[in-house]
C-alpha cells in the first residue's frame, strides 16, 4: 500500500481476517556519522520506519516473510537500508538472519550498518576507476 501524499509504503501480512504484522518504509535524508572516518555525511537510503509483528504470532516466521517481501519488492539488500530506532529484538533478528551487527550509534536514532558504508566506498571506487579509464 502506498500512502497518499508521501513516499511511504506499507507492507502488511494478513490471512483471512488475521493481521500478522506490518513494515512501513520510506526514503529519508539522513545526516550520519560515517563508520570508518566518523565524518558526517548526508545519505538518502530506503528506511525501515516501523516493523511490527503481533506478539501472539512472533517466532513463527511472519517477520522474516514480511522483511523478505520488502527486500524482494524493493530489490535491495538489508545492508543498504537504514533502520529507525530498532529494538534489541529487531537488531537480534537482523544479526541472526542477515549477519548485520556492526554499526556506529547515530544521534538521530537511525541504525546504518558498517556494510552500507563499505558498499558506498566500493561504488565510489568503481566510479573513479571508470572515469580514469575514459
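Residue numbers (the UniProt record's numbering): 1 to 134. We put the beta carbon where it would ideally sit given N, CA and C, even for glycine. Please read all numbers here as calculations on a predicted model, not as lab measurements.
State buried or exposed for residue 60, treating a residue as buried only when at least 16 other CB atoms are found within 10 Å of its CB. In the chain shown, residue 60 corresponds to position 60, counting from 1. When all chains shown are included, residue 60 counts as exposed.
What residue does the alpha helix (DSSP H) around residue 114 start on, and which one ends it? Locating residue 114 in the chain shown gives position 114, where the first residue counts as 1. Going by DSSP, residue 114 is part of the alpha helix (DSSP H) stretching over 114 to 133.
So residue 12 packs on residue 70, CB below 8 angstroms; how close in whole Å? Sequence index remark: in the chain shown, residue 12 carries index 12 (1-based). Sequence index remark: in the chain shown, residue 70 carries index 70 (1-based). Here residue 12 is actually not in contact with residue 70; their C-beta atoms are around 11 angstroms apart, not less than 8 angstroms.
Can you grab the Cα-Cα spacing for the pair residue 77 / residue 87, in whole Å? As a first step, residue 77 must be located in the chain shown, where it is residue number 77. As a first step, residue 87 must be located in the chain shown, where it is residue number 87. Using only the alpha carbons, I get a separation of about 20 angstroms.
Residues in the same chain with beta-carbon distance under 7 angstroms from residue 93, minus the five sequence neighbours each way, listed in chain order, please. Counting from one through the chain shown, the residue named residue 93 turns up at place 93. Around residue 93: 63.
Check whether the Cβ atoms of residue 52 and residue 21 lie closer than 7 angstroms to each other. As a first step, residue 52 is located in the chain shown; it is residue number 52 there, counting from the start. As a first step, residue 21 is located in the chain shown; it is residue number 21 there, counting from the start. Yes.
Whole-angstrom Cβ separation of residue 28 and residue 47, contact assumed at under 8 angstroms? Here residue 28 corresponds to residue number 28 of the chain shown, with the count starting at 1. Here residue 47 corresponds to residue number 47 of the chain shown, with the count starting at 1. Between residue 28 and residue 47, the beta carbon gap of about 5 angstroms places them in contact (Cβ cut-off 8 angstroms).
Do you know offhand how far residue 67's Cα is from residue 83's? The residue labelled residue 67 in the question sits at position 67 within the chain shown. The residue labelled residue 83 in the question sits at position 83 within the chain shown. So the alpha carbons of these two residues sit roughly 12 angstroms apart.
In chain order, what residues of the same chain have a beta carbon less than 6 angstroms from the beta carbon of residue 50, not counting five sequence neighbours either side? Walking along the chain shown from the start, residue 50 turns up at place 50. Excluding sequence neighbours, residue 50 sits near 24.
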